[in-house]
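Student: In the numbering used here, the protein residues as written are 945 to 1303.
Here is the structure:
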C-alpha cells in the first residue's frame, strides 16, 4: 500500500465498524452471541485495531520514522493526545453529570487514570486501549521495521500468553476492567495491521492469500469461531466472555479489512462518502455511545422486550444507530469548529511592539 495516499476505504471500514459497535451494544445478550453476530458485529473492535495499526504505520512511514528517539518527542505526544484528550475531557464531564442525574453515584479512582469514565458504559475499555496505543505502538513499529517475522511471532506469543495468564491472575480474572483494557490482548492484531502496509496489494487479494501463514491463520480462526458459536465449545484456558474475539480469531477480522480495502469504493460518492465521514467521526461516536448506554438512555430495553422480529424492536435498533451517529458526528464537527475558532483567535491576537514606546 502507498503510505502517501488517503484511502477512503479505511474511513468506510471505520464507519461500518462503529455502526456495528452500536448494534452490538443495543442488542440483548442472547442475540449478540448467535453465530451471525459473532461473524459480523462482534468483530468491530478487532477491525478497528487492524485499521489503527495500519493507519499509524502509514503515518510513521510517511514521516520517515525509524528509531524511537525520532518518534517519542514532544510533538508526537502532544499531537496524539490533542486528538484524544479534548473530546475525552468533554465526555468525562458529561459522564459525571449524567452519573449524578441517573445513577446517583460516580467512580473516581485509579481506573480513571486509564480512561475509565465516572459513569462507565459498554466499550469504555477501548478508550483505555487507545490511550495505551499512543505509547506502545512506536515500540511495536520499530521492532517490526528491524525484524518483521520476529515481531509478528513475538506479538502473537505475548498476546497468547497474556490470555492464558489472565485466567490465573486475580486482578485480571472474571472479565475485570484491567483485563479488558489491557492492550496486550490486541498486540498481535495491531502487528497484523502494520504487516498489511508492506504486504498488501490493494489491487489484488491474491498476493495475500498466496501466503501460507495467512491461509492457515484464517482457517484456524474460522474453525475456532465456528466451534465457539455453533458448537458452544469453550477454550477453558481463556476467559469465556471474550471467546469469540481473541488471538485465535484475529486472522478473520484481518481478512475482513483486506477484502474491504480491495472492494469498497475508491472514490467518495453519496453513501460511501457518508460512511467515510462517519468513520472519521468514529472516535467521537464511540465516546457518545458509552455514556448514552451507560446512563440507560438508549432503547435497548424495547429491543429486549420485543426482539428484532417486531417492528418496535427494528425501529429501536435503527433509531439508536441514527441518533448516536448524528450526535457523535455533531460532536466531531463542533470540536473541529472550536479548534478553528481558537486557532484564528491566536493568529489574530495583537502582538506587543516595544519599539512603539519610543515613537
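Heads up, the beta-carbon is just placed ideally off N, CA and C, and yes, glycines get one too. Just so we're clear, the structure is a prediction, and the values are computed from it rather than from any experiment.
Which residues in the same chain have their Cβ closer than 7 Å to the Cβ of residue 1104, if we skip the five residues on either side of it in sequence?
Tutor: Here the set comprises 1191.
Student: Tell me the rounded alpha-carbon separation between residue 1004 and residue 1062.
Tutor: About 34 Å.
Student: When DSSP labels each residue in this structure, what does residue 980 get in the three-state scheme?
Tutor: Note: residue 980 maps to helix in three-state DSSP.
Student: Quick one: using the 10 Å Cβ neighbour count with 16 as the cut-off for buried, is residue 1189 buried or exposed?
Tutor: It counts as buried.
Student: Our contact map puts residue 999 next to residue 954 with C-beta atoms below 8 Å; I'd like the distance itself, whole angstroms only.
Tutor: That belief holds up - the Cβ atoms of residue 999 and residue 954 are roughly 7 Å apart, short of 8 Å.
Student: Which term fits residue 950, buried or exposed, when burial requires 16 or more other beta carbons within 10 angstroms of its beta carbon?
Tutor: Exposed: under 16 other Cβ atoms inside 10 Å.
Student: Taking all protein chains shown into account, do 16 or more other C-beta atoms lie within 10 angstroms of the C-beta of residue 1301, making it buried, or fewer, making it exposed?
Tutor: Legend: pLDDT at residue 1301 = 42, less than 50; position of this residue unreliable, value from coordinates given subsequently. Classification of residue 1301: exposed, given that the 10 Å Cβ count is below 16.
Student: So residue 1219 and residue 947 are supposed to be a Cβ contact under 8 Å. How far apart are they, rounded?
Tutor: Wrong, their Cβ atoms sit about 23 Å apart, outside the cutoff.
Student: Quick check on residue 1135: buried or exposed, where buried means 16 or more other Cβ atoms within 10 Å of its Cβ?
Tutor: It counts as buried.
Student: Per DSSP, what kind of secondary structure is residue 1187 in: helix, strand or coil?
Tutor: In this structure, residue 1187 counts as coil in the three-state DSSP scheme.
Student: Going by C-alpha distance, which of 1169, 1185, 1226 is nearest residue 1276?
Tutor: Measuring from the Cα of residue 1276, the nearest candidate turns out to be 1226.
Student: Would you tell me roughly how many angstroms separate the C-alpha atoms of residue 1160 and residue 1030, rounded to the nearest one?
Tutor: Their Cα atoms are separated by approximately 42 Å.
Student: Would you kindly work out how many angstroms separate the C-alpha atoms of residue 1137 and residue 1091, rounded to a whole number?
Tutor: If you take the alpha carbons of residue 1137 and residue 1091, they lie about 15 Å apart.
Student: Measure the alpha-carbon distance for residue 1304 versus residue 1203 and round it to whole angstroms.
Tutor: Here the chain covers residues 945 to 1303 and nothing more, so residue 1304 does not appear.
Student: Let me know if residue 1177 comes out buried or exposed under the rule of 16 or more other beta-carbons within 10 Å of its beta-carbon.
Tutor: Exposed, by the Cβ-count rule.
Student: What is the rounded straight-line gap between the Cα of residue 1303 and the Cα of residue 1288?
Tutor: In this predicted model, residue 1303 has a pLDDT of only 43, less than 50, meaning its place in the structure is not dependable enough to derive any value.
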